[in-house]
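Comments concern the structure below.
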Amino acid sequence: MTVSSVNEGRGGKQPGPHVEKRLNAAFVKKAPPGRHTDGGGLYLQVDGSGARRWILRVVVHGVRRDLGLGSANVVSLADARDKSHEMRRLIAAGGNPKVRRRENEGRATTFAELAKRVHHSKFKDNKSNGKHVAQWIKTLETYAFPVLGDLSVEDVSQDDIERVIDPIWTTKPETARRVLQRIKTVFDHACGRGLRSRGNPTTGMRGLMRKQGDQVKHFAAIDFMEIDRLFSTFKDSNDVGALALLFTLFTASRSGPVRAATWSEMDAGLEIWSIPAEKMKTKKEFMVPLSIPARDVLLRAQERRTNGSDLVFPSPSKPKNMISENTMRKLLQTIFPGSTVHGLRSTFRTWVTEIIRVDQDVAELCLAHSLGGKVEQAVDFHPELTRVFHRELTHLEIMLVGS
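With this note's numbering applied, the sequence shown covers 1254 to 1656.
Below, the structure is given as structure tokens:
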């Protein structure tokens, strides 16, 4: 029985594996921005930034979906066509491509694991320039793996990548550009394979980094004596980005859990924020005592809650999605150029250790940092964390009101 007859028997004629081969390899490399069809539901999507990826438009259980087949820098035209054919056969047989993909590849792939797979796939047929092949993975092992290696590709943020790139951005500019490009390639693969749902975290990073050739300035903590500028700028704002920044400041949390925070994680009195283990880098549940300023932010966020969304800080343009990391970063940089949201955590550490003079271990627990054998569960220190958070925020309130 032929493929076409099988498909017809399942509810209508389906295109064969390579219907209307409209594209060629040369065009794929030089295609202008836009969506270019190859036929049979397969498209080459070229973004304004030049990023190229394959998309397969299909109908799964009566619902039209766009399936990512990977970056055109990683997946060739021939491979994209083969993947397209495989997906369409699976759908015709009543299967679900996303379920298959998760079964095959899982969701817990680390950056190091995926980078090695991408390296092998990228150079498996390369018979020349062995030095370049070796250097490709060596640069990632040297610069990226110490920071990103053990992180799930789903959890890596722009702040994490910035920690890799910033120390060498001006001292080793060519190496920094290569490392950033190779990290981008790994995440193109992750997005294309369904291992990451939040897009490529390297997108737009070059524009956010300072000019190469400038004097080296690490993105240090914002001086706590200048925090009043952040507060005075946004204290009366109900803009979701401003609220997210203030909540980050008042909880000393990473931007990821803040952006993904839901109302179901807040207790009824808005006194405790319980962050699920899957949202924490430590992979352990963490409870954040909420001070009065933090609760005030939540009350203002509740006022703008619409459509029953459970997200505390939804995207202004796409309420079903959480606010983007770029939105928070750009807003912060209108006040502190060159700063990062992650820097607010460093500000907190300096504040509580040098000004309030709490124990260093407690300060690290407030930041949800693991202390190895000393203390494994931050929740055990809940009374002490509550005291620190409330004392820190009382100090902050006095300072801000005084300013």
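C-beta atoms are modelled at their ideal positions from N, C-alpha and C, and glycine is treated no differently.
The region 1287 to 1297 and the region 1331 to 1345 touch, with three or more beta-carbon pairs separated by less than 8 Å. Here the alpha carbon of proline 1529 sits roughly 24 Å from the alpha carbon of threonine 1593. Of the candidates Leu1404, Ser1405, Pro1399, Asp1403, the residue whose Cα lies closest to the Cα of isoleucine 1418 is Pro1399. Contact between tryptophan 1526 and glutamate 1538 does not hold, since their C-beta atoms are separated by about 11 Å, which reaches or exceeds 8 Å. When beta bridges are read from the DSSP output, leucine 1309 appears opposite Leu1295, Leu1320. The alpha carbon of aspartate 1408 has as its nearest neighbour, out of Arg1451, Gly1287, Gly1348, Glu1524, the alpha carbon of Arg1451.
Beta-bridge pairing by DSSP links serine 1527 to Met1540. If you look at isoleucine 1480, you'll find it in the alpha helix (DSSP H) that goes 1480 to 1487. Around the beta carbon of leucine 1543, 16 or more other beta carbons lie within 10 angstroms, which makes this residue buried. With contacts defined by Cβ atoms closer than 8 Å, arginine 1512 and isoleucine 1588 do not form a contacting pair.
In its chain, beyond the 5 residues on either side, Ile1576, Thr1580, Met1581, Leu1584 have a beta carbon closer than 7 Å to the beta carbon of glycine 1494.
In terms of Cα proximity to aspartate 1332, the closest of Arg1317, Val1313, Ser1374 is Ser1374. Contact check between the region 1546 to 1553 and the region 1497 to 1517: three or more CB pairs, one atom from each, fall below 8 Å, which counts as touching. Within the DSSP secondary-structure output, serine 1405 pairs in a beta bridge with Thr1363.
For glycine 1494, the enclosing alpha helix (DSSP H) covers residues 1493 to 1504.
Within the DSSP secondary-structure output, arginine 1288 pairs in a beta bridge with Gln1298.
Separation of the CB atoms of arginine 1553 and leucine 1496 is rounded to 6 Å, and the pair is thereby assigned contact status at 8 Å. DSSP assignment within the region 1379 to 1448 yields no whole beta strand (DSSP E) run of 3 residues or more. Residue Lys1369 holds the alpha-carbon nearest to the alpha-carbon of lysine 1391 among Gln1411, Glu1415, Lys1369. If you draw a straight line from the Cα of valine 1386 to the Cα of phenylalanine 1566, it comes to about 43 Å. Looking at Gly1303, Asn1277, Val1311, Arg1288, the one whose alpha-carbon comes closest to that of leucine 1330 is Asn1277. Take threonine 1515, set aside five residues on each side of it, and the residues of its chain with a beta-carbon closer than 7 Å to its own are Asp1563, Leu1564, Val1565, in chain order.
Rounded to the nearest angstrom, the gap between the Cα atoms of glycine 1591 and isoleucine 1475 is 10 Å. By the Cβ-count criterion, asparagine 1574 is exposed, with fewer than 16 other Cβ atoms from all chains shown falling within 10 Å of its own Cβ. Valine 1439 and leucine 1433 have their C-alpha atoms some 10 Å from each other. By the neighbour-count criterion, in which 16 or more other beta carbons inside 10 Å mark a residue as buried, proline 1286 falls on the exposed side. Residues of the same chain with a CB within less than 6 Å of the CB of arginine 1288, apart from the 5 flanking positions on each side, are Tyr1296, Gln1298 in chain order.
Within the same chain, Pro1286 come within 6 Å of glycine 1301 by CB-CB distance, once the 5 residues on both sides are set aside. Its chain contains Val1409, Ser1410, Gln1411, Asp1413, Ile1414, Phe1440, Glu1578 as the residues whose beta carbon lies nearer than 8 Å to that of proline 1454, once the 5 sequence neighbours on both sides are disregarded; these appear in chain order.
Contact check for arginine 1557 against asparagine 1491 passes: the beta carbons are separated by less than 8 Å.
Scanning its chain for C-beta atoms nearer than 7 Å, with the 5 sequence neighbours on each side dropped, one finds around proline 1569 the residues Val1493, in chain order. By the neighbour-count definition (other C-beta atoms within 10 Å, threshold 16), valine 1312 is an exposed residue.
Between glycine 1323 and histidine 1442, the C-beta gap is smaller than 8 Å, which places the two residues in contact. With a beta-carbon spacing of about 6 Å, phenylalanine 1364 and leucine 1404 fall inside the 8 Å limit used to define contacts.
Looking at the DSSP output, leucine 1564 sits in a beta bridge with Thr1515.
Shortest Cα-Cα distance from arginine 1598 to any of Gly1402, Thr1486, Pro1426, Gly1509 involves Gly1509.
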